[in-house]
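Reading through the structure tokens given below for one structure.
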Amino acid sequence: MSNLVVLGLQWGDEGKGKIVDLLAKDFDVFVRFQGGANAGHTVRFADKHFALHLIPSGILHPGKICILGNGMVVDPFALLAEIEGLEQQGVAVGANLFLSDRAQIVLPQFQLLDQAREEGAGPIGTTGRGIGPTYEFKTSRLGVRACDLVHDKALRERLGMILPPLNFLLEHYYKKKPIPAEAVLGKLLEAGSKLKGYLADTCELARSFSGMGKRILLEGAQGTLLDLDHGTYPFVTSSTCTIGGALSGSGLNHRDIHACMGVVKAYTTRVGLGPFPTELKDALGEKLRARGNEFGTTTGRPRRVGWLDLVALRQAVRLNGVETIALTKLDVLDELSDIQVCIRYREHGTELTSLPAGEESMDRLVGEYIVLPGWQQNTCGVRAFDDLPRQARDYVRFIEDFLKVRAVLVSTGPRREETITAL
Ligand code: GDP
Ligand code: IMO
Ligand code: MG
2 MSNLVVLGLQ WGDEGKGKIV DLLAKDFDVF VRFQGGANAG HTVRFADKHF
52 ALHLIPSGIL HPGKICILGN GMVVDPFALL AEIEGLEQQG VAVGANLFLS
102 DRAQIVLPQF QLLDQAREEG AGPIGTTGRG IGPTYEFKTS RLGVRACDLV
152 HDKALRERLG MILPPLNFLL EHYYKKKPIP AEAVLGKLLE AGSKLKGYLA
202 DTCELARSFS GMGKRILLEG AQGTLLDLDH GTYPFVTSST CTIGGALSGS
252 GLNHRDIHAC MGVVKAYTTR VGLGPFPTEL KDALGEKLRA RGNEFGTTTG
302 RPRRVGWLDL VALRQAVRLN GVETIALTKL DVLDELSDIQ VCIRYREHGT
352 ELTSLPAGEE SMDRLVGEYI VLPGWQQNTC GVRAFDDLPR QARDYVRFIE
402 DFLKVRAVLV STGPRREETI TAL
């Protein structure tokens with residue numbers, strides 16, 4: 002009776018891949034419900050290292066079902082490459098994978114538009130994977146859906162509506178070489194024929210699994226502060242990475258969702274541009290980046306690094322109805338003598354209890370910190386809470402108390418086994 006949503010509570014890269022992999026043994030079905038190949042979820046165990054972009058991390062566990070839900074934006078070529086890569090690493094992909102027939106398809110033209118905009122005024126620092134334009138065309142009711150890839154006539158008609166104005170924009174405004182329909186039609190149909198076996202009405206499928214009492218885990222991508230509505234707009238992704246997206250993007254209803262777990266990094270990172278109140282732009286930030294190996298899983302970009310921001314996290318906890326968290330990368334803080342944690346914001350001296358809407362206010366706000374003592378001992382790979390130094394235990398308890406949540410997992414290294422599971 003317990004289906005679980007696992008969401009990032011910061012700006013992504015909290016370690017969702019590792020946590021989902023760790024929880025996988027207790028679930029039967031895994032659903033991604035938003036985003037696309039902008040995500041990069043890392044899973045490590047034994048001598049294996051996987052970076053998943055579209056497929057839920059449950060795929061690494063034999064006998065589990067994985068679903069790419071209707072809320073996703075799927076680049077069919079990236080999906081085929083991911084399937085091939087997994088097979089080369091010895092992971093079976095076949096009857097265990099389903100792609101929603103309603104998922105939106107990322108066209109090469111959408112990627113070109115995404116990249117062209119990033120070169121112009123007001124870049125966001127996107128991953129360049131075409132995510133924004135694909136959601137934009139979806140909302141304009143001009144998208145291509147996975148079901149269209151297996152119908153020559155339907156696909157031609159869709160492309161005939163979408164591409165003339167889009168190519169005009171690319172050519173005449175962005176000065177890019179347009180990509181005509183003929184250049185993609187054949188390739189899309191070919192990808193469609195390869196993906197046909199995976200296509201399904203995944204909403205009905207997920208519903209029937211739920212009805213059968215199978216346990217479902219919904220794997221979020223990105224993070225709450227990148228959410229289109231609730232994040233640091235306009236420096237956000239174009240999907241709903243918060244709890245609402247789990248329903249609309251999977252076809253499950255509120256009665257199918259029993260709990261929501263937040264994944265929280267023990268400090269904060271962000272890739273791309275936008276406000277970051279607790280950012281460390283100094284040597285300490287660089288040290289944490291190096292120790293935490295904070296480089297994007299998808300783009301390889303260095304991640305910006307900063308202190309834990311409990312104000313933004315409290316907002317994320319409330320928004321998603323989170324009761325439990327998995328705290329990751331505690332080991333990255335091992336060498337610090339003092340650890341700062343942001344517990345309050347002020348703008349012109351007035352206290353703010355959450356992130357403000359306006360970009361200017363966000364830039365103006367000043368964080369107030371509490372200093373907690375570091376432990377300056379190695380915690381890499383620690384597997385029992387009582388084996389953590391006292392200061393590390395206090396750090397975890399402080400976070401729990403402030404956020405009014407229970408930490409049920411603490412991660413002390415990238416590998417599956419480097420985790421504290423009983424607190
Ligand atoms: P996701 O997008 O939320 O799945 O996170 P990413 O996989 O993009 O980034 C998390 C990174 O931290 C990956 O390289 C993980 O292997 C690594 N990682 C996860 N948990 C821990 C941890 O507890 N300690 C350390 N040192 N690394 C971790
Ligand atoms: P996972 O699932 C971190 C960021 C980009 C950029 C903004 C918009 O691995 O946590 P987009 O390409 O989505 O239009 O870019 O969102 N971004 C992520 N940052 N982790 C991710 O995914 C991200 N996916 C997108 O860097 O700032
Ligand atoms: Mg990631």
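No gaps in the numbering here: position 267 of the sequence shown is 268 in my numbering, and each next residue is one more.
Backbone N, C-alpha and C fix where the C-beta goes; we use that ideal spot for every residue, glycine too.
As the structure is a computational prediction, the values presented were derived from the model and not from experiment.
Query, Result
"Given 8 Å, three or more beta-carbon pairs between the stretch 256-266 and the stretch 75-91", "no"
"Cα-Cα separation, residue 92 to residue 278", "41 Å"
"Contact test: residue 14 Cβ vs the ligand MG heavy atom, cutoff 8 Å", "yes"
"Boundaries (first-last residue) of the alpha helix (DSSP H) holding residue 361", "360-365"
"Close Cβ partners of residue 316 (< 7 Å) along its chain, the five nearest in sequence each way excluded", "355 and 356"
"Per-residue burial, residue 134 [other beta carbons within 10 Å of its own, 16 or more giving buried]", "buried"
"Continuous alpha helix (DSSP H) stretch holding residue 318: start and end", "311-321"
"Strand pairing of residue 49, partner residues [DSSP]", "46"
"Length of the line joining the Cα atoms of residue 75 and residue 137", "14 Å"
"Outcome for residue 174 when other beta-carbon atoms lying within 10 angstroms are tallied against a minimum of 16", "exposed"
"Beta bridge counterpart(s) of residue 60 as assigned by DSSP", "None, per the DSSP bridge assignment."
"Contact test: residue 40 Cβ vs the ligand MG heavy atom, cutoff 8 Å", "yes"
"Residue 303 (DSSP reduced to helix, strand or coil)", "strand"
"Residue 17 CB to nearest heavy atom of the ligand MG below 8 Å", "yes"
"Cβ-heavy atom distance, residue 297 to the ligand MG, below 8 Å", "yes"
"Proximity test, residue 333 beta-carbon vs the ligand PLP heavy atom, cut-off 8 Å", "No copy of the ligand PLP occurs in the structure displayed; its ligands are the ligand GDP, the ligand IMO and the ligand MG alone."
"Collapsed DSSP secondary structure at residue 143 in the structure displayed", "coil"
"First through last residue of the beta strand (DSSP E) which encompasses residue 263", "260-266"
"Simplified DSSP state of residue 326, which is helix, strand or coil", "strand"
"Heavy atom of the ligand IMO within 8 Å of residue 1 beta-carbon", "In this structure the chain extends from 2 to 424, so residue 1 is not present and cannot be described."
"Residue 339 in three-state terms, based on DSSP", "strand"
"One or two residues paired with residue 101 in a DSSP bridge", "201"
"Near the ligand GDP: residue 49 beta-carbon under 8 Å from a heavy atom", "no"
"Neighbourhood of residue 3 by C-beta, 8 Å cutoff - its chain only, sequence neighbours within 5 removed", "216, 259 and 260"
"Residue 105, buried or exposed, once every other Cβ within 10 Å from all chains shown has been counted against 16", "buried"
"Contiguous alpha helix (DSSP H) assignments of at least 4 residues, all confined to the stretch 213-251", "244-249"
"For residue 403, the three-state DSSP class (helix, strand or coil)", "helix"
"Residue 313 versus residue 183: straight-line alpha-carbon distance, rounded", "47 Å"
"Member of 219, 16 and 189 whose CA lies at the smallest distance from the CA of residue 69", "219"
"Any non-hydrogen atom of the ligand MG within 8 Å of residue 127 CB", "no"
"Residue range of the unbroken beta strand (DSSP E) whose run includes residue 31", "30-33"
"Continuous beta strand (DSSP E) stretch holding residue 417: start and end", "Run containing residue 417: none; DSSP gives neither H nor E here."
"Identity of the residue in 53, 177, 94 and 154 nearest residue 118 by Cα", "177"
"Terminal residues of the alpha helix (DSSP H) in which residue 159 lies", "153-169"
"Unbroken beta strand (DSSP E) run spanning residue 9, endpoints", "5-9"
"In DSSP terms, what residue 15 is bridged to", "Partner(s): none; residue 15 has no beta bridge."
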